[in-house]
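Peer 1: Handing you a structure now.
2 protein chains.
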Amino acid sequence: MIAEELAKKLREISIAEFFEKNKHILGYSNPAKALVTCVKEAVDNALDATEEAGILPDVMVRIARIDRSIFRIIVEDNGPGIVRHQIPKIFGKLLYGSRFHAIKQTRGQQGLGISSAVLYAQLTTGKPAVIISKTSPKEKACKMEIMIDTKRNEPEVVSESDIEWHRPHGTRIELEIVGSYVRERRQSVYEYLRQTSIVNPHAKITFIEPDGYIHEFERVSSELPKIPKEIKPHPHGIELGALLAMLKTTRASNLKKFLKEEFVRIGDKIADDILAKAGFNGREHPRSLSRKQALRLLNAFREVQLLPPPTDCLSPIGSDLIMKSLMKEFNAEFVYAITRRPKVYSGHPFLVEVGIAYGGGIKSDRIEVLRFANKIPLLYQQGGCALTKAVESVNWKAYGLQQSKNELPNAPAVVLIHLASTNIPYVSESKEAIAGIPEIVDEVRLALQEVGRKLKEYLDRKQKLQKKKKKEEVLLKIIPLLAKKVCEVLEREPVDADRIVARIMGKVHFERVVEGDRVRLRIANYSKAKRAFRIYEMCEGDVETDGRVIHASTYSTIVWNVELMPDDKIELEYRCKRVINRKPIVDGLDEEIVSGAETHKI
Amino acid sequence: MIAEELAKKLREISIAEFFEKNKHILGYSNPAKALVTCVKEAVDNALDATEEAGILPDVMVRIARIDRSIFRIIVEDNGPGIVRHQIPKIFGKLLYGSRFHAIKQTRGQQGLGISSAVLYAQLTTGKPAVIISKTSPKEKACKMEIMIDTKRNEPEVVSESDIEWHRPHGTRIELEIVGSYVRERRQSVYEYLRQTSIVNPHAKITFIEPDGYIHEFERVSSELPKIPKEIKPHPHGIELGALLAMLKTTRASNLKKFLKEEFVRIGDKIADDILAKAGFNGREHPRSLSRKQALRLLNAFREVQLLPPPTDCLSPIGSDLIMKSLMKEFNAEFVYAITRRPKVYSGHPFLVEVGIAYGGGIKSDRIEVLRFANKIPLLYQQGGCALTKAVESVNWKAYGLQQSKNELPNAPAVVLIHLASTNIPYVSESKEAIAGIPEIVDEVRLALQEVGRKLKEYLDRKQKLQKKKKKEEVLLKIIPLLAKKVCEVLEREPVDADRIVARIMGKVHFERVVEGDRVRLRIANYSKAKRAFRIYEMCEGDVETDGRVIHASTYSTIVWNVELMPDDKIELEYRCKRVINRKPIVDGLDEEIVSGAETHKI
């Protein structure tokens, strides 16, 4: 019988065998990428470990070339270390970890990362991973060589010993892999570490390249980011199957307790509200609920207004820091960033942050997209990532940029997108691209539109200023000629052309008339607003004035506080030997609306 | 101690838990896509099962709407059925299957597909999958309701019974899921089934939509595709870790036997060659090899010339069938397709097939890419797929198409790409996009360039013809006027302008002169080749001629066989009451080189 024949071939597949055959899914599709992925997994772990332990991270990454295509990777951190009996499973078993079941923002979330790097090393060079770990300055470090028994997905300890290690505590991993080292490219270890340091300003990262060149990514802030707190699931977006599973395994003795204890954002009142809407009295035993009754409960969840999940399970970068980083990295003429409020998808809280930098030092034709997920830079699969697609789907023409439909806009600009979540929906285990979850895409689009509006305001203002400036330039050329001609014809004395331009352009105009030791300052406010400002004049010798005088050793400064209504004029008079400053100095007015004086911040 | 605290949280993660939380990785990122994915997994299984059993597939897909967002999916096949004790694990355990360890081309390869659909159903509606399976007409069918215990990744049989079922053998699965049904879109169940039927012409697929509308995708060919054979791994591209594992587990008693028994394409002579190059005598026990010795063996593999892996582990569609399908689907003016020879990546044989269709019924601005992997249509993640990137990376300008750099070319064309392999390197478990494996990308590019060159030839020919036609049109307008004028000036009789044009254009020119019942056919070969053809004239009444006469009831047809050398002329004369055909009819000459007659295939 054919079915019997076919049945004989059926077998269980270990997850390690699966990934051994499909290593590209974990990010090992070619030697260059494999090297970046190994470093990434180790560094992500180092940052998570130090952060959880409240330690300012000090991470060392070293890559050494062993042979043409064989590299040794060493990553060392000052984290809390790993207790001896857990070392084998953490590094030698896929799907093992502490962060999968916890609802809070972490870099690692799958229990796959570092063990996959060990698997790749073993597959390509046959060498075990060498781990050194120390949990206390009082103890020796533990050194282990670990391999993975792929048929069983269980660790194999090749050797174990106690050694002296210089660090008081921390973890060190050494891997030997088939790889390829690239330096300049956008997808490189250097670029990964650079972007990591942008969004982790509290981390110090030292990177030693194969040729011995040392990069130091210094700590910019000594403040540890707030440690995200673990929370319970949020009722919005939870699915029936998940709810049924929760009802089965809860320790709560009745339905009301179940709601209050197992979910976040359900208090006494809301629990009653949900129970009433679902037709329960709250004393039912959770395990007694049928599928249909659970469905009623689920529908009631959706009918009640709930607060979004608490933000303390998430650790955003913060709009200030994003703007600072963008400004520092790109020297742009305009930057703006926002952090959106947390939202939920399928019960997982998430939030979106978006920053934009425009012009200045940015010379690219097309907008560059920097993607981050839980503070990890995403270097690969830009085209397949929902964050990129969100950028493409926004109508940037509305915000003053050129764009072909559904493509990245053409503009000298950089967009930074950070998705923070208790569960980042990566397209695959290689954690390179975000899946197109509608709730997330919507949030990213809204964030982009928000920064887009700010950009538009800036571009409009810039354009307006440019127009105004152009108009002024034209006027400044024509009016003096015109004025001269008019005066000649009318046989009048020549007028001050600058004042005429200032009047037309709506500026505050300053004119200094000096006759011997008598100086008069004429000030006219041709703008449409009340203006308050200070005027400074610097003089040699004795001074006679109604302004306030500040004496220095060689000269005196006179200060007036002036307030002028629109179309108001004033004349200030003083006497002195000689005025030093070329033009009057004004404080409190924008350069754009001042004529005949210099603006200065004092 | 912090390390101890952290250690307490460490846990093993079951693969079912992992995918429950990351269901988008398996293709369930939104309700519309989830519905397509469920159907896809069930249909792929049905096609694999029937193919393996040598049965012409007859697959029924039915989708019924249960509630606004809840759908029931039923997929039924006439395959061999599944033996009772295997049903729970096949549908209720992730990473369980028969195709993972076999080196041959199959649709399923991970042991994840159908169980993931069961997991999704259970997660969203809480309902078990209902399986009916019958392995022989003599027995009753077995009906089981299956759920997955996600914490353990083990099946739970909710109910089991024997029932009567109309089919002699086969499998039926029923799932209830939260989904969304779309019809017209490119990413729909209909489109998936349509494309599936294009590349599986031996399959009959019946699709019943929620509104009851029935689509029948008929079987085009009753020939079963050749069943791919299982092979051993190919030495090229195998990695050190994999080789070490093989050396450990082989039953071969010495190294030479190991090489000959465990690999494909290694015979006696090549084994000796490899052993000599690696410095072995062949009598070493495989298990005794050190890592360094294994590395020597691996390097020797790469130094010897080996045949590519046998093709019988792969089942290509075939270039003929691809061309036929493209022609049928798109009614194009030009189609071409090729099947490349098999190649290897990381020890996995693969081959690439590419077809192109241009113009005619295709009206799109941009080239459309149809992607297939092991005869499964890939509907999602086009942007993130290495096949798409390969199309973008080709310089299509060299083949006569417009293209912005590294984008899909702008042309009314369709490109079909089929990757067949014993192990398709999908980007993720959702099997939507191919990873950028360099060997595969290279092959796809070469294939595209090959069809590109053919397209270029066609476009050049077309352009040449168009130019010629244009020239002719111009001549046809001017020459009669010119001729008339010349004749007037010279006071000659008007000449036949058509003949002049025919001479200039290098055609075979026909002229019929009728005087009473006397008809003369003047034929001149102005082309540069010898021409052999037949001429037909159809007449009423009695006929007098030296040609062959075929009598019909109301008219007679005269046939001449004519052969003319370049610049030769001939005159045929006959008598009849009346000629019926407007112009002489010619058989054996292309329309383009005929003037004054009609070409016709008889």
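One line per chain: the protein sequences are A and B, in this order. For the first sequence, this note's numbering assigns the number 13 to the initial residue and increments by one for each residue that follows. For the second sequence, this note's numbering assigns the number 13 to the initial residue and increments by one for each residue that follows. By construction, the Cβ of each residue, glycine as well, lies at the ideal position given by its N, Cα and C atoms.
Straight-line CA distance for M258/A to R303/A?
Peer 2: For the purposes of this step, residue 258/A is taken as residue 246 along the first sequence, with counting starting at 1. For the purposes of this step, residue 303/A is taken as residue 291 along the first sequence, with counting starting at 1. CA-CA distance, M258/A to R303/A, rounds to 12 angstroms.
Peer 1: May I have the straight-line CA-CA distance separating K7/B from H521/B, to the nearest angstrom?
Peer 2: No information on residue 7/B is available, as it lies outside the stretch 13 to 614 that chain B covers here.
Peer 1: Can you give me the start and stop residues for the alpha helix (DSSP H) that P450/B sits inside?
Peer 2: The sequence position of residue 450/B within the second sequence is 438, counting from 1. 450 to 502 is the extent of the alpha helix (DSSP H) around P450/B.
Peer 1: Measure the alpha-carbon distance for I614/B versus G528/B and round it to whole angstroms.
Peer 2: By 1-based counting over the second sequence, the position of residue 614/B is 602. By 1-based counting over the second sequence, the position of residue 528/B is 516. At I614/B the pLDDT is 48, less than 50, meaning the model places this residue with poor confidence and gives no usable figure here.
Peer 1: Against chain A, with Cβ distances strictly below 7 angstroms, would E455/B count as a contact?
Peer 2: Locating residue 455/B in the second sequence gives position 443, counting from the first residue. The beta carbon of E455/B does not come within 7 angstroms of any beta carbon belonging to chain A, so the residue lies off that interface.
Peer 1: Do the stretch 492 to 499 of chain B and the stretch 378 to 398 of chain B meet, that is, are 3 or more Cβ pairs less than 8 angstroms apart?
Peer 2: no
Peer 1: Any C-beta of chain B within less than 8 angstroms: which residues of the stretch 17 to 39 of chain A qualify?
Peer 2: L18, A19, K21, L22, R23, E24, I25, S26, I27, E29, F30, E32, K33, N34, H36, I37
Peer 1: Could you spell out the range, first to last residue, of the alpha helix (DSSP H) harbouring V403/B?
Peer 2: As a position in the second sequence, residue 403/B is number 391, starting the count at 1. If you look at V403/B, you'll find it in the alpha helix (DSSP H) that goes 398 to 405.
Peer 1: Using the beta-carbon count (16 or more within 10 Å), is G279/A buried or exposed?
Peer 2: In the first sequence, residue 279/A corresponds to position 267, counting from 1. By the 10 Å Cβ count, G279/A comes out exposed.
Peer 1: Output yes if chain A places a C-beta closer than 7 angstroms to the C-beta of L431/B; else output no.
Peer 2: Position 419 of the second sequence, counted from the first residue, corresponds to residue 431/B. L431/B does not count as touching chain A.
Peer 1: So, for T323/B: in the same chain, excluding its five sequence neighbours on each side, which residues have a beta-carbon less than 7 angstroms away from its beta-carbon?
Peer 2: As a position in the second sequence, residue 323/B is number 311, starting the count at 1. Closer than 7 angstroms at Cβ, skipping near neighbours: P354.
Peer 1: I'd like the list of long-range same chain contacts for P43/B, defined as Cβ closer than 7 angstroms, with 5 residues on each side in sequence excluded.
Peer 2: Your numbering for residue 43/B matches position 31 in the second sequence. Around P43/B: S81, V190, G191, S192.
Peer 1: Using a Cβ cut-off of 7 angstroms, which residues of the stretch 311 to 328 of chain A contact any Cβ in chain C, in chain order?
Peer 2: Included in the structure are the protein chains A and B, with no chain C among them.
Peer 1: To the nearest angstrom, how far is the alpha carbon of R277/B from that of P361/A?
Peer 2: As a position in the second sequence, residue 277/B is number 265, starting the count at 1. As a position in the first sequence, residue 361/A is number 349, starting the count at 1. Rounded to the nearest angstrom, the two C-alpha atoms are 54 angstroms apart.
Peer 1: Can you check which of these residues, P222/A, A215/A, I239/A, is closest to F229/A by C-alpha distance?
Peer 2: Here residue 229/A is taken as the residue at index 217 of the first sequence, counted from 1. With respect to the C-alpha of F229/A, the residue from P222/A, A215/A, I239/A having the closest C-alpha is A215/A.
Peer 1: Distance check for L471/A and N422/A, CA to CA, integer angstroms please.
Peer 2: Translated into the one-based positions of the first sequence, residue 422/A becomes position 410. Translated into the one-based positions of the first sequence, residue 471/A becomes position 459. If I take the Cα positions, the gap works out to 15 angstroms.
Peer 1: Mind checking the stretch 238 to 268 of chain B against chain A and listing, in chain order, the residues whose C-beta falls within less than 9 angstroms of any C-beta there?
Peer 2: E251, L252, G253, A254, L255, L256, A257, T261
Peer 1: Beta-carbon of N42/B versus every beta-carbon of chain A: anything under 7 angstroms?
Peer 2: By one-based count along the second sequence, residue 42/B stands at place 30. For N42/B, the answer is yes, since a Cβ of chain A falls inside 7 angstroms of its Cβ.
Peer 1: Excluding the five sequence neighbours on either side, which residues of its own chain have a C-beta within less than 7 angstroms of the C-beta of Y567/A, listed in chain order?
Peer 2: Along the first sequence, one-based indexing puts residue 567/A at 555. Cβ neighbours of Y567/A beyond the five flanking positions: M550, C551, E552, I592.
Peer 1: Does S128/A pass the burial test, meaning 16 or more other C-beta atoms within 10 Å, or should it be called exposed?
Peer 2: Counting from one through the first sequence, the residue named residue 128/A turns up at place 116. Classification for S128/A: buried.
Peer 1: Do R111/A and G4/A come within 7 angstroms of each other at the CB atom, strictly closer than that value?
Peer 2: As shown, chain A starts at 13 and ends at 614. That puts residue 4/A outside it, with no answer to give.
Peer 1: For the stretch 108 to 133 of chain A, list every residue whose C-beta sits within 9 angstroms of some C-beta in chain B, in sequence order.
Peer 2: Across the stretch 108 to 133 of chain A, CB contacts with chain B closer than 9 angstroms involve Y108, G109, S110, R111, F112, H113, A114, Q121, Q122, G123, L124, L131, Y132, A133, in sequence order along the chain.
Peer 1: When you compare only the Cα positions, how much space is there between R299/A and I175/B?
Peer 2: Counted from its first residue, the first sequence places residue 299/A at position 287. Counted from its first residue, the second sequence places residue 175/B at position 163. Rounded to the nearest angstrom, the two C-alpha atoms are 32 angstroms apart.
Peer 1: Indicate whether at least one CB of chain B lies closer than 7 angstroms to the CB of I14/A.
Peer 2: Within the first sequence, residue 14/A is the residue found at index 2, counting from 1. Yes, its Cβ sits closer than 7 angstroms to a Cβ of chain B.
Peer 1: Provide the residue span of the alpha helix (DSSP H) that contains C50/B, from first to last.
Peer 2: Locating residue 50/B in the second sequence gives position 38, counting from the first residue. Run containing C50/B: 43 to 64, per the alpha helix (DSSP H) assignment.
Peer 1: Could you say if the stretch 85 to 95 of chain B and the stretch 357 to 373 of chain B meet the contact criterion of at least three C-beta pairs nearer than 8 angstroms?
Peer 2: Contact fails between the stretch 85 to 95 of chain B and the stretch 357 to 373 of chain B, because fewer than three Cβ pairs, one in each stretch, are under 8 angstroms apart.
Peer 1: By how many angstroms is the C-alpha of K481/A removed from the C-alpha of D414/A?
Peer 2: Here residue 414/A is taken as the residue at index 402 of the first sequence, counted from 1. Here residue 481/A is taken as the residue at index 469 of the first sequence, counted from 1. The sequence given here places Gln at residue 414/A; Asp does not occur at that position. Straight through space, the alpha carbons of K481/A and Q414/A are spaced by roughly 24 angstroms.
Peer 1: Could you check whether the Cβ of V95/A sits closer than 7 angstroms to any Cβ belonging to chain B?
Peer 2: Numbered from its first residue, the first sequence carries residue 95/A at position 83. Interface residue, yes.
Peer 1: Are any of the Cβ atoms in chain B nearer than 7 angstroms to that of G138/A?
Peer 2: By one-based count along the first sequence, residue 138/A stands at place 126. Answer yes: the Cβ-Cβ gap between G138/A and chain B drops below 7 angstroms somewhere.
Peer 1: At a cut of 8 angstroms, does the stretch 69 to 80 of chain A reach the stretch 17 to 29 of chain B through at least three beta carbon pairs?
Peer 2: no
Peer 1: Given this structure, state the Cα-to-Cα distance separating I670/A from T218/A, to the nearest angstrom.
Peer 2: Coverage of chain A is limited to positions 13 through 614, which leaves residue 670/A absent and any answer about it impossible.
Peer 1: Skipping 5 residues on each side, what residues in its chain have a beta carbon closer than 7 angstroms to that of K273/A?
Peer 2: The residue you call residue 273/A lines up with position 261 of the first sequence. Looking at the sequence shown, residue 273/A is not Lys but Glu. The answer, listed in chain order, is A264.
Peer 1: Please tell me whether V439/B has its Cβ less than 7 angstroms away from any Cβ of chain A.
Peer 2: Here residue 439/B corresponds to residue number 427 of the second sequence, with the count starting at 1. Output row for V439/B: interface = yes.
Peer 1: Thinking C-beta only, is L252/A closer than 7 angstroms to G138/B?
Peer 2: Locating residue 138/B in the second sequence gives position 126, where the first residue counts as 1. Locating residue 252/A in the first sequence gives position 240, where the first residue counts as 1. The answer is yes: Cβ separation under 7 angstroms.
Peer 1: Cβ of T147/B less than 7 angstroms from any chain A Cβ?
Peer 2: Counted from its first residue, the second sequence places residue 147/B at position 135. Interface residue (Cβ-Cβ distance to chain A less than 7 angstroms): T147/B is classified as such.
Peer 1: Any Cβ of chain B within less than 7 angstroms of the Cβ of I614/A?
Peer 2: Here residue 614/A is taken as the residue at index 602 of the first sequence, counted from 1. Note that I614/A scores 48 on pLDDT, short of 50, meaning its location in the model is unreliable; the coordinates nonetheless yield the value given after this. Answer no: the Cβ-Cβ gap between I614/A and chain B never drops below 7 angstroms.
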